[in-house]
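Counted from 1, the sequence shown has number 475 at position 456 by this note's numbering; the numbering is strictly sequential.
Using N, Cα and C, we set each Cβ at its ideal position, and we do this for glycine too.
Keep in mind that this is a model prediction, so the values were computed, not measured.
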Amino acid sequence: MTDKSYYLEIGGDVKGLSGDGEFKGIAGDISGGVINQYIITQKSGVEIQAQPLITGSPYLGLRKFEVDDKDRFFGRDNWIIELTDYLKQKNVLLLLGASGSGKSSLVQAGLIPKLKDDFGANKLVNLTFVPDVNPFESFYGCLLANRYTQSQAKLAQAVKEETLIKVVEGLKNNSDLWFIFIDQFEELFTRTPKTERDIFIKSLVNLIEKNDSLVKIVMTMRADFLDKLSPYPSLGKIHDQYSKMLTDMDESQLRLAIAEPAARNGVIFEQGLINQIIADFYEQAGSLPLLQYTLDLLWQKNHIQERILNIKTYQEIGGVTGALEKQADKIYSKFDEQQRKAAEEIFLELISLEGEKAVSRRADKSSFEQEEMQREVLYQLIDNRLLVSKGEDGKATVEVAHEELLRCWQVLQDLIREKEEIIVLRSRLYADAKQWDDLQKQDAVKASSELWGGSKLAKIVEFQKNNSLPNLDTVAIEFIKASISQAERQKNEKIRTARRIAAGSLVALVVSTGFGLMAWKQTQQAELNLANARGFSSLSLFDKGKELEAFVEAIKAGKILQKQQASDTKVTNALQELLNRKSERNRLEGHGRYVHSVNFSPDGKTLVSGSDDKTIILWDVETGQKLHTFQGHGGPVYSVNFSRDGNTLVSGSDDKTIILWDVEKRQKLHTFQGHGGTVYSVNFSPDEGKTLVSGSDDGTIILWDVETGEKLHTFKGHGGPVYSVNFSRNGKTLVSGSGDKTIILWDVETGEKLHTFQGHNGPVYSVNFSHDGKTLVSGSGDKTIKLWNVEKPQEIRTLKGHNSRVRSVNFSHDGKTLVSGSWDNTIKLWNESTGQEILTLKGHEGPVWSVNFSPDEGKTLVSGSDDGTIKLWNVEIVQTLKGHDDLVNSVEFSPHEGKTLVSGSDDGTIKLWDVKTGEEILTFEGHDGPVRSVNFSPNGKTLVSGSDDKTIILWDVKTGEKLHTFEGHNGLVRSVNFSPDGETLVSGSWDGTIKLWDVEKRQKILTFEVNHRVRSVNFSPNGETLVSGSNDNNIILWDVEKRQKIHTFEGHDGPVRSVNFSPDGNTLVSGSYDKTIKLWDVKTGEEIHTFKGHDGPVRSVNFSPDEGKTLVSGSDDKTIKLWNVEKRQEIRTLHGHDSRVRSVNFSPEGKTLVSGSWDNTIKLWKVETDSNLLNLDALMERSCDWVRVYLHNPNSGVREEDRGLCDGI
């Protein structure tokens, strides 16, 4: 590295480069094992410009790097070294990464050239292929393209499990290194029919298990397809043993990838341009194809002769964030109406839907060449690099140049939304037609069962008549014809049958009546089948994040059951589960493009949203109605906010302006001008909004006088775009987050910089003060959220969980909860004090730009997304109590009103808590070991605790004073309880005994010998009997007065961890290490029922106080479950703890649960236990109450025929 290197000129950091300062590049001219150095680290900008000029573009656009592109592939040196070393040790690699992360390019232009250099180009046989429809045929094709003849390669065409091994054994020379590269491995699941897929996977696994050191098998796959491996355990093992996740390029690597190709052609970048490109790259979720496309487009402009790529041209083409869409729009705008229609038909044929995600599919080029207009448009799209064509004439295919086009071009996004039904139906058609065609060759009768009929056939015929499916392949067309023929034959047969029946006399009448009854029964059964299918479908929709659609589907199923007066557990269970897991309350659709910013009015009754469509919309929160659309900006609106009184709006835009709006009069008040770039953030000051602050792409923050429009101060200090600015609660301090990865605190009055927070590894997109002003939260492009102490100026903690950049973060009004919105399409809620993730909300189909709590104690959340929608969420925040320094073993509500609760922990302390506020009231200290069990006396004035120190202590609840210590056990005391009258204590110990103690006299009464570790003891409601659970898997019932064993309950296959009586004393419940819960008849000793559902030992079980109608259980699987005792079914599963749930209990009124966990926390949960809530009518009513506003909301996107779905319910 020279002191005057171009790398340093463009802002490169020597620390970002590996090695000893003499940074060695891997790619480039590789020969004889010598690795050349990067030009930009050895020459200055002037020296680079003095080189011979090469005018051809060194950038690839959307095209993937191939082996021959090795001289243009830079920035992945560390990965090339890592993978080369890895393949010296292992023979299999599954390289995972996001779409656009550069997986294929790394292998093709980096790894393969390096391996050729290491092993010898003549010795390495590169067998690269994409699975496509038939992976065996694809492998055959790549063998032909290599050194093998047709007769040799045909071995690969056999669709058999032994094929790959036979090909290797038959064709490979002993000294050759075969490099089998299966690119886009996910195509096995998107394009390959199941039969061929299953056989190929077995064949591949067989080859892998052969473990030939001279056969290297490398697969690349998109990480979002990992779930497709689950049906194949063998692939799961390959993933576990041989997978690597390709990480994003860091800044130093990006500088090399951007600057080195141009430098080799004698061209440099204008000062500051590379920093801008890198910032924009991270803004666009790190898409390498988009980066290459933008650089290629930048190179094509008429400024190469000047040997400098300039900022002005870069901005004109739209930058990384807009170049592809801008170029695509430019091409599309030149098409007339007929050409656009042809283009849409082509793109529709090249798009498929995998779940909710649009993906590219390959099609035969010839299918678009029959009609002149289509052929002309096809060639234009290929020439303009929006599509790519591969293969020779007759076998040529065409596909979208890169899936980034599907994500960033609004024309295609709109087309996909509009034609979703056609895309889905066509995908199913191709899959079923291929299956039918394959079966035709083996079993024509069986093949006929694959043909379509009913609504599917009717729909596909309708689409064909409307010319909505103009480019179907031959197999699909033949499949439709065969389906129509079969449907007509079946129809004619029915007519003939009907005529035969009509020809009879009285017998015929009787028969026809019988047929009528049968038809009615068949219709009834068909409807019930539909209800069942809809119940199943509703859960599937919910799991995909379509919560409101799931409710609509489940309600439709329920209405069928109500009409038929029938029952179906699939439907009732679905309704119940939806109600238990619900979050999304309403959805607002009205913007034509991305929603960048959403905020509540101060009274929480109104919403404002700003969008990429240049508009601002006011919404009624309660009804979802659009109140007004403000228009006036000349570019996308990135930030909108209300003034403190709610009378004024402020908006910041890509047009570099800020506009004030009058909410009541619905008109523009003033336009502020002064920034030199996009205004990303605007906010009013808390002093009745007399000033406002704005942050911009120009790197500055401006303070404005709202009344006069004057610029009061410009804050300068950031080295990149300012994405977020906010006032502190008292208005004296500002905080800003920037693309330079820093957060700065500013003094509003003096304009001075108070402190700079550093710690993020990516742009800081969002910063906010807590309501007390003592804490900051920030969200970054590095996928993390950080909490900062304002007074001490230091980082508190980092929250990790998102899979993409965090674009928005906010505190709840009580400061206890954080919300974050990310470009991974999710929203997360976090516990502020612990950093623990509370809840993930899924449902958006695009990046989440903005999230905010409502002013009403934060019970409602609003989010805005790239999918063009605004979602309103009702979130039930689980109250978490944190104060113990170790595992929480026991929790119990105080009797009567349950206003307090007590907890015992491994930290040796007992804590008393205020249930309403969650505040710690008192800490009891006195034990010399973990506290395993705590309980209140019946009057609530006394506490008892049992500990590993082998003692039992009585405490005064009010003062915290130790009243007495009972000693006598020779082992850990695991369970202690009061008798119903409070006069006696019972204790169970690992010394194998149960002891009774006189509370008043402070002495032992008697000892029951169990001879096995006792884990749980409890009195019956009348105090006459005791129950114990122990390590011998048994439960024992004891007579207290007679001092003898009554009965032993046997049935568990593991130690009994918890036992309790029902409120009437007639039933016992037990939880065991065998993961089950059992109900027992106290009188007969018989087992009544076994509940199964937990995936770990059951640590705690208790009855609800309402006559024991409900059970609660806590388990090592980290969950809490509620069970209906009468119906013997699970009601609900509560998730939230990060470790074993050690103790669960109902409050005295039964409306709240408390849980203690080995994650050191206590949680309070609001629950419903009324068994009537489980009947169909009640479930339907509650479900309709949830979606009623959504159904009647004119801007929710609900189908018109569904709006009256809940009328009368």
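DSSP-derived helix/strand/coil call for N153: As a position in the sequence shown, residue 153 is number 134, starting the count at 1. Shown here, N153 sits in coil according to DSSP, grouped into three states, outside any helix or strand.
Can you name, in chain order, every residue of its own chain whose Cβ lies under 6 Å from the Cβ of F985, other than the five neighbours on each side? Start at 1 with the first residue of the sequence shown, and residue 985 comes out as number 966. I971 and W1016.
With distances taken between CB atoms, is the gap from S1166 to F997 smaller than 8 Å? Stepping through the sequence shown from its first residue, residue 1166 is reached at position 1147. Stepping through the sequence shown from its first residue, residue 997 is reached at position 978. Contact: no.
Would you please state the rounded distance, in angstroms, between the beta carbons of F158 and V178? I believe it to be under 8 Å. One-based indexing of the sequence shown puts residue 158 at position 139. One-based indexing of the sequence shown puts residue 178 at position 159. Cβ atoms of F158 and V178 stay farther apart than 8 Å, at about 11 Å.
So which of E939, D562, I762 and I350 has the shortest CA-CA distance to I1181? Mapped onto the sequence shown, residue 1181 falls at position 1162. It is E939.
Selection from E729, L567, I574 and G1115 that minimises the alpha carbon distance to A552: Stepping through the sequence shown from its first residue, residue 552 is reached at position 533. Taking A552 as reference, the option from E729, L567, I574 and G1115 with the minimal CA-CA separation is I574.
Cβ-based burial, R1147 [other Cβ within 10 Å; buried from 16]: Working through the sequence shown from its first residue, we reach residue 1147 at position 1128. By the neighbour-count rule (16 or more Cβ atoms within 10 Å), R1147 is not buried but exposed.
Rounded to whole angstroms, what is the Cα-Cα separation between C1225 and R1218? Within the sequence shown, numbered from 1, the residue matching residue 1225 stands at position 1206. Within the sequence shown, numbered from 1, the residue matching residue 1218 stands at position 1199. Those two C-alpha atoms are separated by around 14 Å.
E895: which of L982, E1168, K1185 and P77 sits nearest, CA to CA? For the purposes of this step, residue 895 is taken as residue 876 along the sequence shown, with counting starting at 1. Closest option to E895, Cα to Cα, is K1185.
Could you say which of S249, N110, L190 and R283 lies nearest to T60 if we only look at CA atoms? Counted from its first residue, the sequence shown places residue 60 at position 41. The residue with the shortest Cα to Cα distance from T60 is R283.
What residues are listed by DSSP as bridge partners for T775? Taking the first residue of the sequence shown as position 1, residue 775 is located at position 756. Checking the DSSP bridge columns, you'll see T775 partnered with I763.
Check whether W765 and T775 have beta carbons under 8 Å apart: On the sequence shown, residue 765 is found 746 positions in, with the first residue counted as 1. On the sequence shown, residue 775 is found 756 positions in, with the first residue counted as 1. Result no, Cβ atoms of W765 and T775 do not sit closer than 8 Å.
Can you tell me the Cβ-Cβ gap for V419 and F387, rounded? I've got them flagged as a contact below 8 Å. As a first step, residue 419 is located in the sequence shown; it is residue number 400 there, counting from the start. As a first step, residue 387 is located in the sequence shown; it is residue number 368 there, counting from the start. Contact flag wrong, Cβ pair sits at about 13 Å.
So, are the CB atoms of R951 and G937 less than 8 Å apart? Reading the sequence shown from its first residue, position 932 is the one you call residue 951. Reading the sequence shown from its first residue, position 918 is the one you call residue 937. Going by C-beta atoms, R951 is not nearer than 8 Å to G937.
Do F1068 and S1039 have their beta-carbon atoms positioned less than 8 Å apart in this structure? As a first step, residue 1039 is located in the sequence shown; it is residue number 1020 there, counting from the start. As a first step, residue 1068 is located in the sequence shown; it is residue number 1049 there, counting from the start. Between S1039 and F1068, the gap from beta carbon to beta carbon reaches 8 Å or more.
Every unbroken alpha helix (DSSP H) inside the region 92 to 154 [4 residues or more]: For the region 92 to 154, the full-length alpha helix (DSSP H) segments reaching 4 residues or more read 96 to 108 and 131 to 138 along the chain.
Inter-residue spacing [alpha-carbon to alpha-carbon] between V669 and G75: Residue mapping note: residue 669 aligns to position 650 of the sequence shown, counting from 1. Residue mapping note: residue 75 aligns to position 56 of the sequence shown, counting from 1. If you take the alpha carbons of V669 and G75, they lie about 47 Å apart.
Given 8 Å as the limit, is there contact between the region 548 to 565 and the region 583 to 600, that is, 3 or more CB pairs closer than that? With a cut-off of 8 Å, the region 583 to 600 and the region 548 to 565 count as touching, because enough Cβ pairs lie within range.
Just verifying my parser: in three-state terms, what is the DSSP assignment at K247? Here residue 247 refers to the residue found at position 228 of the sequence shown. The answer is helix: DSSP assigns K247 an H, G or I state.
Where does V754 sit, in a helix, a strand or coil, going by DSSP? Sequence index remark: in the sequence shown, residue 754 carries index 735 (1-based). Of the three classes helix, strand and coil, the one that applies to V754 here is strand, per DSSP.
Count the other C-beta atoms from every protein chain shown that fall within 10 angstroms of the C-beta of P740, then say buried if there are 16 or more, exposed otherwise. As a working mapping, residue 740 is identified with position 721 in the sequence shown. That one is buried.
Residue span of the alpha helix (DSSP H) that contains Y699, given as start and end: Taking the sequence shown and counting its residues from 1, the one referred to as residue 699 is at position 680. Not the alpha helix (DSSP H): Y699 falls in the beta strand (DSSP E), residues V698 to F703.
Nearest by alpha-carbon distance to K465: which of I330, Q454 and E391 is it? Taking the first residue of the sequence shown as 1, we reach residue 465 at position 446. Checked all of I330, Q454 and E391; the closest Cα to K465 is Q454.
Using the rule of at least 16 other Cβ atoms within 10 Å of the residue's Cβ for burial, across every protein chain shown, is D1204 buried or exposed? Along the sequence shown, read from residue 1 onward, the residue named residue 1204 stands at position 1185. When all chains shown are included, D1204 counts as exposed.
Using CA atoms only, rank isn't needed, just tell me which of L233, K256, T266 and K221 is closest to R241. Translated into positions along the sequence shown, residue 241 becomes position 222. Of L233, K256, T266 and K221, the residue nearest in Cα terms is T266.
Checking 8 Å against the spacing of the C-beta atoms, do W1097 and E1106 come in under that value? In the sequence shown, the residue the question calls residue 1097 occupies position 1078. In the sequence shown, the residue the question calls residue 1106 occupies position 1087. Per the sequence shown, the amino acid found at residue 1097 is Lys instead of Trp. Going by C-beta atoms, K1097 is nearer than 8 Å to E1106.
CA-CA distance, N816 and L162? For the purposes of this step, residue 816 is taken as residue 797 along the sequence shown, with counting starting at 1. For the purposes of this step, residue 162 is taken as residue 143 along the sequence shown, with counting starting at 1. For clarity, residue 816 is Arg in the given sequence; the question names Asn instead. Whole-angstrom Cα-Cα distance: 54 Å.
Return the first residue and the last residue of the beta strand (DSSP E) that F1068 is part of. Within the sequence shown, numbered from 1, the residue matching residue 1068 stands at position 1049. Looking at the DSSP string, the run of the beta strand (DSSP E) that includes F1068 is Q1063 to F1068.
Do L190 and Q176 count as a contact pair if the criterion is CB distance below 8 Å? Reading the sequence shown from its first residue, position 157 is the one you call residue 176. Reading the sequence shown from its first residue, position 171 is the one you call residue 190. No, these two residues do not count as a Cβ contact at 8 Å.
Whose C-alpha, out of K247, L1210 and G718, is nearest the C-alpha of H694? Numbered from 1 along the sequence shown, position 675 holds the residue referred to as residue 694. For H694, the closest C-alpha among the options K247, L1210 and G718 is that of G718.
First through last residue of the beta strand (DSSP E) which encompasses H1108: Within the sequence shown, the letter at position 1089 stands for residue 1108. The continuous beta strand (DSSP E) containing H1108 extends over residues E1106 to K1111.
For I1024, the nearest candidate out of G854, E1060 and V1046 (CA to CA): The residue you call residue 1024 lines up with position 1005 of the sequence shown. For the set G854, E1060 and V1046, the Cα lying nearest the Cα of I1024 is the one of E1060.
Contact check, N871 vs N844, beta carbons under 8 Å: Numbered from its first residue, the sequence shown carries residue 871 at position 852. Numbered from its first residue, the sequence shown carries residue 844 at position 825. Going by beta carbons, N871 and N844 fall outside the 8 Å limit.
For D1072, which residues from the same chain have a beta carbon less than 6 Å from its beta carbon, with the 5 sequence-adjacent residues on both sides left out? The sequence position of residue 1072 within the sequence shown is 1053, counting from 1. D1093.
Report the rounded CA-to-CA distance for R404 versus H610, giving the unit in angstroms. On the sequence shown, position 385 is the one that residue 404 refers to. On the sequence shown, position 591 is the one that residue 610 refers to. When rounded, the distance between both Cα atoms is 30 Å.
Can you pull the DSSP bridge partners for A382? In the sequence shown, counting from the first residue as 1, residue 382 sits at position 363. In DSSP, A382 forms a bridge with V417.
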